[in-house]
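**Student:** Counting from 1, position 96 in the sequence shown corresponds to residue 199 in our numbering; the numbering is continuous, with no gaps.
A virtual CB, placed ideally from N, CA and C, is assigned to each residue, including glycine.
Since the model is a prediction, treat every value here as computed from it, not as a measurement.
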Amino acid sequence: MNATNFRMPARRLATVAAATALVAAGPAALAHATEDQGRASAVVLRTGLNVSLLNKSVNVPLAVALNEVQAPQSAEQTALTATLDGVDGGKPFTVLGAEVAEAKAAVSDGRAEASTRLAHAKLHVPGLPLLSLIEVEQVTSKATCVAGEKPVAASNLLGSVTALGKKVTLTPSGPVEVKVPGVGEVRLDLSRTETTTRTAAATALELTVSVNPLDLNVAEVEGTVTLAKATCEAPAVRTAPPSEPAPEVKPQGARAEAGLADTGGSSMTPYVAGGAVALLAAGAGAVALARRRAKN
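(1) Please check the pair LEU293 and LEU273, which I expect to be a contact at CB under 8 Å, by giving their CB distance rounded to whole angstroms.
(2) Between ASN259 and the rest of its own chain, which residues show a CB-CB distance below 6 Å, the 5 nearest in sequence each way excluded?
(3) Go through its chain and collect everything with a Cβ distance to ALA209's Cβ below 6 Å, but skip five positions before and after it.
(4) Which value, in whole angstroms, describes the spacing of the CA atoms of THR150 and ARG214?
(5) Return the CA-CA distance between VAL147 and GLY262, expressed in angstroms with no decimal places.
(6) Would you mind stating whether CYS335 and ALA246 have Cβ atoms separated by less than 7 Å?
(7) Could you give the distance in angstroms between the alpha-carbon of ALA303 and the alpha-carbon of SER313?
(8) Kindly list the residues whose CB is nearer than 8 Å to the CB of ALA134, restricted to its own chain and excluding five residues on each side of it in sequence; keep chain order.
(9) Do you know offhand how far GLY230's Cα is from THR181's?
(10) Let me check understanding here. Comparing Cα to Cα, which of ARG301, VAL228, PRO338 and PRO284 lies closest to THR323?
(11) Mind checking LYS207: buried by the 16 CB within 10 Å criterion, or exposed?
(12) Could you check which residue in GLY285, ASN153, ALA339 and VAL281 has the C-alpha nearest to that of ARG301?
(13) Return helix, strand or coil for LEU317, following the three-state DSSP convention.
(14) Taking 7 Å as the cut-off, decide whether the C-beta atoms of ALA331 and GLY141 are in contact.
(15) Can you give me the Cβ contacts of VAL167 inside the same chain, cut-off strictly under 7 Å, excluding the 5 residues immediately before and after it?
(16) Residues in the same chain with beta-carbon distance under 8 Å from GLY287, minus the five sequence neighbours each way, listed in chain order, please.
(17) Within 10 Å of its beta-carbon, does LEU233 have 16 or more other beta-carbons around it, so buried, or fewer, so exposed?
(18) If you run the structure through DSSP and keep just helix, strand and coil, what is ASP292?
(19) Buried or exposed: which applies to THR329, given that a residue is buried once 16 or more other Cβ atoms fall within 10 Å of its Cβ?
Structure representation (structure tokens):
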């Protein structure tokens, strides 16, 4: 069997080893880079409701998200309606309809930012097809996180709010409860904001819902509804890379091998010396042979 072994030069071997190490470290390095560049998210509507039909014999989770976007990749959505199947005799049920429903999220140049805007919106739940759970003229939320700066979160309620057919006056002092006999109740929290050293979150409206229309158990709805939420996480502060130490200065020229520096010899010295010994031995042998011939 013929076999050929190729030996890779040391310099090329080191290069390949370094490249292999980079490939192996790639996913971890990418994940670390994603964490460092910040995050942002926005959503116009998110529901966490449970719908009980036919005297609670059937439970349907009402989990709907409208215009939910996330960054690092910049994103924007502007859908105006959110529908749900399977709770209205097989027909699509419109949970939310609006004239304006925008959600934006972006991360770039040390800045993470998210914003939402909802205008002329009506929110419905099963069992109340004609009566809106809530109506709003306009709500907005915005969260901004800049590397090295204090995050900012803000939300605004512009215009009137109607819950279960009643106009509601919301204040930052606390939640407002709206109760309608034979229909249900809604608790509304206005403009919730939270900030930390690197994060911010703003929610325009948070609703806690308990609806049982006309006490007939046709449709009982319980849970929470979030309107216009924006969050962000600041990118990491960039620091200057550490300065590299100055390269070591080495004397020019080839270094003498051990044991040869004092004599001025080189790597050929052993061979030269061996040749000289051989020549001396040959010369001595020739002289001895000449003397023997002279005696004879």
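**Tutor:** For this structure:
(1) Against the sequence shown, residue 293 aligns to sequence position 190. Against the sequence shown, residue 273 aligns to sequence position 170. At roughly 4 Å, the Cβ-Cβ gap stays under 8 Å, so LEU293 and LEU273 are in contact.
(2) The sequence position of residue 259 within the sequence shown is 156, counting from 1. Non-local C-beta neighbours of ASN259 in its own chain, meaning closer than 6 Å and more than five positions away in sequence, comprise THR243, ordered along the chain.
(3) Stepping through the sequence shown from its first residue, residue 209 is reached at position 106. Result list for ALA209: ALA174, SER177 and GLU216, in chain order.
(4) For the purposes of this step, residue 150 is identified with residue 47 of the sequence shown, where counting begins at 1. For the purposes of this step, residue 214 is identified with residue 111 of the sequence shown, where counting begins at 1. Each residue's alpha carbon lies about 29 Å from the other.
(5) Mapped onto the sequence shown, residue 147 falls at position 44. Mapped onto the sequence shown, residue 262 falls at position 159. Going from the Cα of VAL147 to the Cα of GLY262 covers about 17 Å.
(6) As a first step, residue 335 must be located in the sequence shown, where it is residue number 232. As a first step, residue 246 must be located in the sequence shown, where it is residue number 143. Yes.
(7) Position 200 of the sequence shown, counting from 1, holds the residue named residue 303. Position 210 of the sequence shown, counting from 1, holds the residue named residue 313. Their Cα atoms are separated by approximately 29 Å.
(8) The sequence position of residue 134 within the sequence shown is 31, counting from 1. Any answer about ALA134 is weak, because its pLDDT of 42 lies below 50 and its placement is not dependable; what the coordinates show is given next. Once the five neighbours on either side are set aside, ALA134 has no close Cβ partner at all.
(9) Within the sequence shown, numbered from 1, the residue matching residue 230 stands at position 127. Within the sequence shown, numbered from 1, the residue matching residue 181 stands at position 78. Distance between the alpha carbons of GLY230 and THR181 is about 27 Å.
(10) Taking the first residue of the sequence shown as position 1, residue 323 is located at position 220. Strictly speaking, residue 323 in this sequence is Glu, with Thr absent from that position. Checking every option, the nearest Cα to that of GLU323 belongs to VAL228.
(11) Here residue 207 is taken as the residue at index 104 of the sequence shown, counted from 1. Label assigned to LYS207: buried.
(12) Here residue 301 corresponds to residue number 198 of the sequence shown, with the count starting at 1. For ARG301, the nearest C-alpha among the options comes from ALA339.
(13) Position 214 of the sequence shown, counted from the first residue, corresponds to residue 317. The answer is helix: DSSP assigns LEU317 an H, G or I state.
(14) Against the sequence shown, residue 331 aligns to sequence position 228. Against the sequence shown, residue 141 aligns to sequence position 38. Not in contact: ALA331 and GLY141 (Cβ atoms no closer than 7 Å).
(15) Sequence index remark: in the sequence shown, residue 167 carries index 64 (1-based). Once the five neighbours on either side are set aside, the close Cβ partners of VAL167 are LEU148, THR150, ALA185, LEU187 and VAL198.
(16) Indexing the sequence shown from 1 puts residue 287 at position 184. So the list reads LEU267, VAL312, SER313, VAL314, ASN315, PRO316 and VAL324, once near-sequence residues are dropped.
(17) Walking along the sequence shown from the start, residue 233 turns up at place 130. Flag for LEU233 reads exposed.
(18) Translated into the one-based positions of the sequence shown, residue 292 becomes position 189. Residue state, collapsed to three classes: strand.
(19) Mapped onto the sequence shown, residue 329 falls at position 226. With 16 or more Cβ atoms within 10 Å of its Cβ, THR329 is classed as buried.
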